[in-house]
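J.: This note's numbering applies: residue 868 is where the sequence shown begins, and numbers increase by one.
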Amino acid sequence: AYDRQGNLWVARLQRSVVQKYTPSGVLVTEVQVESPGAVRLGADGFIYAVYGDTFTSLLPGSAGGGVVRFNPQAAQPTVEMVAAGLGWANGAAFDNAGNLYVADMGSGVVRVLADGAVDAKWSDQTKFTAANGIAVRDGFVYTTLMFSGDVVRIPIDNPADQKRITRLTLDAVPVPLTLDDLTVAPDGSLYVTSPLGKLIRVDPHTGASCTALHTEPLTSVTVVPDTAGTELLVGTMRGAILRVTLAS
């Protein structure tokens, strides 16, 4: 996630830190967050990070996952608890009202209200297996289901009326593609990453898809600010961050 000063905050899962990089790519700060997943900028200017992005969060006796936040402008940011008691928390995205939607690999999509409380009534209607990436646009939540290859659209005002947009597969072979993160470009297109090395563009209205990039295993994706959606940053399993310029 980018903060308001243009710095990039990146989760390093295995190191249990969230790192701050300047616009020129210099690492300047690390914040301790246990097994961090998605990192997002809140409307309050704080950086929000999910924690517990590991299967051990589902084991009996585990504290599970949740959400924390910190001030990105602080010299030594202090982590504050926002929500606890989730499972294998992974992806996250805000809506315009300040609610945070968390993709929980164990239970589906969880809606965390602005005060940190879990909206159980809403969340009980969005139970999925292996919900991974998540994005919000125009009153809809979009999520990827890691093992089925499904991209699902959920109306925020009527979560029970959810719909599978598409099932992504291995090229012409009818085998589900393993999916990870996704983001929404300014033109409304969805971009989905796969650990099998693909960045895929999906039309949210028709479900039509095409491969925008085929490279090394990919994890995360975000739109680079002030590029009108023509450039994306994608994270890789080896830890490198790639800047991708999309074909016009």
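Just so you know, even glycine gets a beta-carbon here, dropped at the ideal spot from N, CA and C. Note that the coordinates shown come from a computational prediction; the quantities given were computed from them, not determined experimentally.
Among Ala959, Phe1014, Arg1020, which one has its Cα closest to the Cα of Ala950?
T.: Closest option to Ala950, Cα to Cα, is Ala959.
J.: Quick check on Met948: buried or exposed, where buried means 16 or more other Cβ atoms within 10 Å of its Cβ?
T.: The residue is exposed, with fewer than 16 neighbouring Cβ atoms inside 10 Å.
J.: Using the C-alpha atoms, what's the distance from Tyr888 back to Val1091?
T.: Distance between the alpha carbons of Val1091 and Tyr888: 14 Å.
J.: Just to confirm, are Gly909 and Arg879 a CB contact at a threshold of 8 Å?
T.: Not closer than 8 Å, so no.
J.: Report the start-end ranges of each beta strand (DSSP E) in the stretch 923-970 that is 3 residues or longer and not cut off at the edges.
T.: Runs of the beta strand (DSSP E) inside the stretch 923-970: 932-937, 947-953, 956-961.
J.: Is it a yes or a no for the stretch 979-995 touching the stretch 1013-1026, going by three-plus beta-carbon pairs under 8 Å?
T.: They touch, by the three-pair rule.
J.: Whole beta strand (DSSP E) runs in the stretch 1042-1086 with 3 or more residues, listed along the chain?
T.: Counting only runs of 3 or more, we get 1049-1051, 1057-1060, 1065-1069, 1076-1081.
J.: Taking DSSP as the reference, what is the three-state secondary structure of Lys1030?
T.: Lys1030: strand per DSSP, three-state reduction.
J.: I'd like to know if the stretch 927-942 and the stretch 960-980 are in contact, where contact means that at least 3 CB-CB pairs between them fall below 8 Å.
T.: The answer is yes - the stretch 960-980 touches the stretch 927-942, with three or more Cβ pairs under 8 Å.
J.: Tell me which residue opens and which closes the beta strand (DSSP E) that Lys988 is part of.
T.: Counting along the chain, Lys988 falls outside any beta strand (DSSP E), though it belongs to the alpha helix (DSSP H) covering 987-990.
J.: Can you grab the Cα-Cα spacing for the pair Thr896 / Val1040, in whole Å?
T.: When rounded, the distance between both Cα atoms is 44 Å.
J.: To the nearest whole angstrom, what separates the beta carbons of Asn957 and Gly904, a pair I think is in contact under 8 Å?
T.: Sure, about 5 Å apart at Cβ, within 8 Å.
J.: Would you kindly work out how many angstroms separate the C-alpha atoms of Arg1110 and Val1059, rounded to a whole number?
T.: Rounded to whole angstroms, Arg1110 to Val1059 spans 15 Å at the Cα level.
J.: Is Thr1011 helix, strand or coil by DSSP?
T.: The answer is strand: DSSP assigns Thr1011 an E or B state.
J.: In whole angstroms, give me the CA-to-CA distance for Ile1108 and Pro1084.
T.: Taking the straight line joining both Cα atoms gives about 11 Å.
J.: Using CA atoms only, rank isn't needed, just tell me which of Gly873, Gly892, Gln1029 is closest to Gly912.
T.: Selected option, being the one with the closest Cα: Gly873.
J.: What did DSSP end up calling Asn1025 once you bin it into helix, strand or coil?
T.: Coil, per DSSP.
J.: Determine whether the beta carbon atoms of Phe1007 and Thr1045 lie at a separation below 8 Å.
T.: In this structure, Thr1045 does not lie closer than 8 Å to Phe1007 by Cβ.
J.: For Trp955 versus Gly1000, is the C-beta distance shorter than 8 Å?
T.: Cβ distance not < 8 Å, so Trp955 and Gly1000 don't count as in contact.
J.: Please state whether DSSP places Gln881 in a helix, a strand or coil.
T.: In this structure, Gln881 counts as coil in the three-state DSSP scheme.
J.: Nearest to Pro1026 by CA position, among Arg1034, Val1003, Leu1100, is which residue?
T.: That would be Val1003, whose Cα lies nearest to the Cα of Pro1026.
J.: Return yes when the Cβ of Ile1032 is within less than 8 Å of the Cβ of Pro1071, no when it is not.
T.: Yes, they are a contact pair.
J.: Considering Tyr915, what are the terminal residues of the beta strand (DSSP E) in which it resides?
T.: Here the beta strand (DSSP E) through Tyr915 covers 914-918.
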